[in-house]
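Chemist: One structure, as structure tokens, below. Some questions next.
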Amino acid sequence: MPEMLEVNGLTKRFGGLLAVNQLSFTIHEGETVGFIGPNGAGKSTVVNLLTGYLKADEGTIQLEGRYITRSSPWERAHCGLARTYQIPRPFPELTALMSVITAVLCGKERIHQSFEDAAVEATQYLEFVGLFSKRNILARDLTFYELRMLELARALATTPKLLFIDEVMAGLNPGEAKRAVEMVMRAKNHFGLTIFWIEHVMAIIMDAAERVIAINYGQLIADGTPDEVINNDVVIEAYLGKGWRQYA
Ligand SMILES: Nc1ncnc2c1ncn2[C@@H]1O[C@H](COP(=O)(O)OP(=O)(O)OP(=O)(O)O)[C@@H](O)[C@H]1O
Ligand SMILES: [Mg+2]
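Sequential numbering of the sequence shown, starting at 340, is according to our numbering.
If you want it as structure tokens, here you go:
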């Protein structure tokens, strides 16, 4: 069986800055993989490369054995990749329902679906993330937490196999953050997803992830179980700091 995702030698330059440097890793089907590293390490850039928002300068990306390195974002979405953004990117002038309908219609094999069927389906995704009562509210009038949930609903509505989460907790208060994390885990179980999850809050990564990949300056510095990675000297030096446990 091919791996869910296989990344080899992925490299991205922004002018003189080497943001992602010869990065190689694998994600197995059904895993939740935490992706950590200091600010500016290149985490979001990696997700942008994997989803096709940015094009890699070097390296290859395979999804279930098929090369998608040069595929467009929509082709990758049709292959089963979806993401949420670190800073939500709603369509401000669309209602929550219309936003999710758009995602339903753009998901894989949905080109011939009727608008009415898409609306029924979209409503179910809004119910799933707890936004049913907000379905007719314009995205620009939603709270930050609601926008995060709308991002999740939109991602789920494309029926992904592999979901990239770029920080679900940032900007949320502790109660909202806990609900958001629970929602991701519920989505994973309910839809049978594989998850690649960027998060700075180590307690969440420790709880949710079966494996953790750490990068620094765009390079892999650790890949192992959460326990292995948090006890890795290079990760402690580059990211966690020696006394991090007392703050986690
Ligand atoms: N579009 C861009 N153009 C130029 N430089 C960029 C661009 N996107 C990111 N960078 C730079 O690439 C490096 C990696 O950025 P990236 O956003 O991937 O980091 P990150 O690990 O996601 O950080 P954070 O934890 O703060 O979100 C940084 O130095 C950043 O300034
Ligand atoms: Mg980032």
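Idealized CB from N, CA, C, for every residue including glycine.
#1: In three-state DSSP terms, what is residue 556?
#2: Between which residues of its own chain and residue 490 is the CB-CB distance below 7 Å, once the five residues before and five after are set aside?
#3: With a cut-off of 7 Å, give the chain-ordered residues whose Cβ is closer than this to any heavy atom of ligand 2.
#4: Terminal residues of the continuous beta strand (DSSP E) containing residue 363?
#5: Taking only the alpha-carbon atoms, compute the straight-line gap between residue 385 and residue 412 and give it to the nearest angstrom.
#6: Can you find a C-beta in chain C that's less than 8 Å from the C-beta of residue 476?
#7: Would you check if the distance between the CB atom of residue 364 and the CB atom of residue 536 is smaller than 8 Å?
#8: Is any heavy atom of ligand 1 found at a distance shorter than 7 Å from the C-beta of residue 590?
#9: Report yes if the C-beta of residue 378 is less than 7 Å from at least one heavy atom of ligand 1; otherwise report no.
#10: In or out: residue 546 buried (at least 16 other Cβ within 10 Å) or exposed?
#11: Of all the alpha helix (DSSP H) runs that stay within the bounds of the segment 490–524, which reach a length of 4 or more residues?
#12: Taking DSSP as the reference, what is the three-state secondary structure of residue 468?
#13: With a threshold of 6 Å on Cβ separation, who are the neighbours of residue 458 within its own chain once the five nearest residues in sequence on each side are excluded?
#14: Give a yes or no on whether the C-beta atoms belonging to residue 502 and residue 532 are separated by under 8 Å.
#15: Which residues does DSSP pair with residue 373 in a beta bridge?
#16: Less than 8 Å separating the beta-carbons of residue 594 and residue 551?
#17: Could you have a look at residue 441 and say whether DSSP puts it in helix, strand or coil?
#18: Please name the residue or residues paired with residue 422 in a DSSP beta bridge.
#19: Going straight from the alpha carbon of residue 404 to that of residue 514, what length do you get?
#20: With DSSP as the reference, label residue 405 as helix, strand or coil.
#21: Provide the residue(s) that pair with residue 351 in DSSP beta bridges, ordered along the chain.
#22: Could you tell me the alpha carbon to alpha carbon distance between residue 481 and residue 566, rounded to whole angstroms?
#23: Please determine whether the Cβ atom of residue 553 lies at a distance below 7 Å from any heavy atom of ligand 1.
Modeler: Based on what the coordinates show:
#1: Position 217 of the sequence shown, counted from the start, is the residue given in the question as residue 556. Looking at residue 556 - three-state DSSP - the assignment turns out to be coil, as it is neither helix nor strand.
#2: Here residue 490 refers to the residue found at position 151 when the sequence shown is read from its first residue. When the five nearest sequence neighbours on each side are left out, the beta carbons in the same chain lying within less than 7 Å of the beta carbon of residue 490 are those of 423, 424 and 427, in order along the chain.
#3: 382, 383, 425, 505, 506 and 537
#4: In the sequence shown, counting from the first residue as 1, residue 363 sits at position 24. Residues 356–366.
#5: On the sequence shown, residue 385 is found 46 positions in, with the first residue counted as 1. On the sequence shown, residue 412 is found 73 positions in, with the first residue counted as 1. Going from the Cα of residue 385 to the Cα of residue 412 covers about 14 Å.
#6: Going by chain labels, chain C is absent from the structure shown, which holds only one protein chain.
#7: The count along the sequence shown starts at 1 and reaches residue 364 at position 25. The count along the sequence shown starts at 1 and reaches residue 536 at position 197. No, these two residues do not count as a Cβ contact at 8 Å.
#8: No answer is possible for residue 590: it lies beyond the span of the chain, which begins at 340 and ends at 587.
#9: The residue labelled residue 378 in the question sits at position 39 within the sequence shown. Yes.
#10: Residue numbering aside, residue 546 sits at position 207 when the sequence shown is read from its first letter. Its Cβ having fewer than 16 others within 10 Å, residue 546 is exposed.
#11: none
#12: On the sequence shown, residue 468 is found 129 positions in, with the first residue counted as 1. Secondary structure of residue 468 (DSSP, three-state): coil.
#13: Counting from 1 along the sequence shown, the entry for residue 458 is found at position 119. Within the same chain, residue 458 has close Cβ partners 440.
#14: Along the sequence shown, one-based indexing puts residue 502 at 163. Along the sequence shown, one-based indexing puts residue 532 at 193. Yes; because the gap between Cβ atoms is below 8 Å, this pair is in contact.
#15: For the purposes of this step, residue 373 is taken as residue 34 along the sequence shown, with counting starting at 1. According to DSSP, which records beta bridges pairwise, residue 373 is partnered with 536 and 551.
#16: Residue 594 is absent from the model: the chain starts at 340 and stops at 587.
#17: Within the sequence shown, the letter at position 102 stands for residue 441. Reduced to three states, the DSSP call for residue 441 is helix.
#18: For the purposes of this step, residue 422 is identified with residue 83 of the sequence shown, where counting begins at 1. BP columns for residue 422 point to 503.
#19: One-based indexing of the sequence shown puts residue 404 at position 65. One-based indexing of the sequence shown puts residue 514 at position 175. Their Cα atoms are separated by approximately 40 Å.
#20: As a working mapping, residue 405 is identified with position 66 in the sequence shown. Strand, per DSSP.
#21: The residue you call residue 351 lines up with position 12 of the sequence shown. DSSP, once it has assigned bridges, lists 359 as partnering residue 351.
#22: For the purposes of this step, residue 481 is taken as the residue at position 142 of the sequence shown. For the purposes of this step, residue 566 is taken as the residue at position 227 of the sequence shown. Approximately 38 Å between the Cα atoms of the pair.
#23: Your numbering for residue 553 matches position 214 in the sequence shown. Every heavy atom of ligand 1 is 7 Å or more from the Cβ of residue 553, so no.
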